[in-house]
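Colleague:
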Amino acid sequence: MKLQLFSIYHSFLMKKWYLLVYILVLFFVLFATLIGLSVMKSQEDDKFSIGLVDEDQSRETKLILDAIGDGKRMGNDIELKHFDVTKANNELKQHHLDGYFVFDQGMTEAFYKQGALPISVYTYDKTSLESIIIYQLTDSVYSRLMLSIGGAGAYKALYPESSDDAMLMMMTDMLFTGLNRNGAFDEQPVKLYDNYQYYTISVYFISVYVLFLSLFNILKMNQAHALKERLSMFHFSYEKLTLTRGLISLWYTLLFSAVVLYVLLKYLDVSFESYNLMPLLIILFLYLIMIFVVMLLIELVNNESFQLILKVMITGLIILFSGATIPSIYFKDVLGGILYHQPFSHIFNKVLELILNNYFIKTPILFYWICIILISLLILQLIRRYRR
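Using UniProt numbering, the first residue of the sequence shown is number 1, and each one after it goes up by one.
(1) Between the segment 204 to 214 and the segment 258 to 268, do at least 3 Cβ pairs fall closer than 8 angstroms?
(2) Terminal residues of the continuous beta strand (DSSP E) containing V293?
(3) Under a Cβ-count criterion, where at least 16 other Cβ atoms within 10 Å of its own Cβ denotes burial, should H346 be classed as buried or exposed?
(4) Could you tell me whether the segment 366 to 383 touches the segment 285 to 301, using the rule of 3 or more Cβ pairs below 8 angstroms?
(5) Taking V85 and E55 to be in contact with their CB atoms under 8 angstroms, please state how far apart those CB atoms are, rounded to whole angstroms.
(6) How far does the alpha helix (DSSP H) with V102 in it extend, from its first residue to its last?
(7) Taking all protein chains shown into account, do 16 or more other C-beta atoms lie within 10 angstroms of the C-beta of S322, making it buried, or fewer, making it exposed?
(8) Quick check: what's the CA-CA separation for L265 versus Y386?
(9) Reducing DSSP to helix, strand and coil, say where I50 ends up.
(10) Put H82 into one of helix, strand or coil per three-state DSSP.
(11) Mark L255 as exposed unless 16 or more other C-beta atoms lie within 10 angstroms of its C-beta, in which case mark it buried.
(12) Assuming L52 and L80 make a contact with CB atoms under 8 angstroms, what is their CB distance in whole Å?
(13) Less than 9 angstroms separating the beta-carbons of F348 and I201?
(14) Contact defined as beta carbons within less than 8 angstroms: I believe L354 pairs with N276. What is the distance between those atoms, to the nearest angstrom?
(15) Where does H96 sit, in a helix, a strand or coil, going by DSSP?
(16) To the nearest angstrom, report how far apart I50 and F83 are at their CA atoms.
(17) V312 lies in the alpha helix (DSSP H); which residues open and close that run?
(18) Expressed to the nearest angstrom, what Euclidean distance is found between the alpha-carbon atoms of Y100 and N357?
(19) Could you tell me whether the Cβ atoms of E299 and T244 are closer together than 9 angstroms?
(20) Expressed to the nearest angstrom, what Euclidean distance is found between the alpha-carbon atoms of F331 and S58?
(21) Indicate the three-state DSSP secondary structure (helix, strand or coil) for Y209 in the structure shown.
(22) Does the beta-carbon distance from G246 to F216 come in below 9 angstroms?
(23) What is the C-beta distance between L288 and T325, in whole angstroms, given that I count them as a contact (C-beta under 8 angstroms)?
(24) For Q342, does the three-state DSSP call read helix, strand or coil?
(25) If distances are taken between C-alpha atoms only, which option among L268, F212 and L280 comes closest to L250?
(26) Just to confirm, are P343 and I370 a CB contact at a threshold of 9 angstroms?
(27) On the CB-based measure, 16 or more other CB atoms within 10 Å of its CB, does K350 come out buried or exposed?
(28) Run through DSSP, which three-state label would A324 get?
(29) Rounded to the nearest angstrom, what separates S305 and I282 at their Cα positions?
(30) Does DSSP put N357 in a helix, in a strand, or in coil?
(31) Give me the residue from H95, A88 and P364 with the minimum Cα distance to F103.
(32) Report buried or exposed for Y340, applying the criterion of at least 16 other Cβ atoms within 10 angstroms of its Cβ.
(33) Kindly indicate which three-state DSSP category E55 falls into: helix, strand or coil?
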């Protein structure tokens, strides 16, 4: 492949610089908007305000309330307030509370007699994220309290001669252990993706593909007329042109991906760990290579109508069925899970988890086989065309 082709294509791209500027400005406006919204949202007070009502008024429930306190020592995302049932209900109706727990009358007695621990939960709806989290907390705390108080009960049965003070100390220790002050009431374990952060990563993922496809097609504007006619008399000319504009598109898309990734990691409100940088760069590089190889394979198909169909299919896989616009969990059982396990879905989920959660998803061996097969098909196709 001659270097003159790179020079010709690069010169043509510079003549169409305004198209490139339009695309980049659009992307950067989207990124700036989403990052700004994400930062503004992260600065808001997202604490849960939860009420506690003790209708049992037993020594055990008072111990529980004293141990919980105002919730500050239980986690950073919860604020607990003590009310009577009427006051709590009024606060809930006015949306001053996200919900409230009620230690029902006879709770302690019911536990000792039946092994049950009646705790009622009230929220103003059952579908919002806040309500779901409160119910999740209830399940978690309920199981911890059952284990804690059950352990204290077993201690009393094994050591019936123990004094009330010793029993109280034992219950306190068991309760603290069960509640786990470092995280039992922390919102984080059940927190879903922040919508702005999720779609910021989605826009980044999609923009990489759209930019490559745009550059690839812009460069073809020149190929279809002057260059193609001029070089049609030379052997392997069309393939050289296709490879050249593919490599130029790959180079500029790689630069764009690196710059935007730096901006995301610097300004997006995430706690990205540096040890995940290399896995992130590798999966993004594989994403670019896969786009490059697939686009070249499609371009080497002789039928233009079939080329268009294939490009629409690939665009659908990346934009619609990768999880970037519709969460991939919805495709888990569609077509036997083919859409859920397709390569672009794995790439997006891995990028998403690495950036937002510092979580490394193991890449299945099938993904590597697909990459090898695609590259092999491209090499075989080029060899076949070269020998014609």
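Quick reminder that beta carbons are idealized off the backbone N, C-alpha and C, glycines included.
Modeller: Walking through what the data contain:
(1) Yes, the segment 204 to 214 touches the segment 258 to 268.
(2) Note, V293: premise wrong, no beta strand (DSSP E); alpha helix (DSSP H) at L277 to E299.
(3) buried
(4) Result yes; three or more Cβ-Cβ pairs closer than 8 angstroms.
(5) Going by Cβ atoms, the distance from V85 to E55 rounds to 7 angstroms, so yes, they are a contact pair.
(6) Unbroken run through V102 is the beta strand (DSSP E), G99 to F103; no alpha helix (DSSP H).
(7) A residue is called buried once 16 or more other Cβ atoms fall within 10 Å of its Cβ, and S322 is buried on that count.
(8) 44 angstroms
(9) strand
(10) strand
(11) exposed
(12) 6 angstroms
(13) yes
(14) 5 angstroms
(15) coil
(16) 10 angstroms
(17) E304 to I319
(18) 30 angstroms
(19) no
(20) 51 angstroms
(21) helix
(22) yes
(23) 20 angstroms between Cβ atoms; not a contact.
(24) coil
(25) F212
(26) yes
(27) buried
(28) coil
(29) 34 angstroms
(30) helix
(31) A88
(32) Buried, by the Cβ-count rule.
(33) For E55, the three-state secondary structure derived from DSSP is coil.
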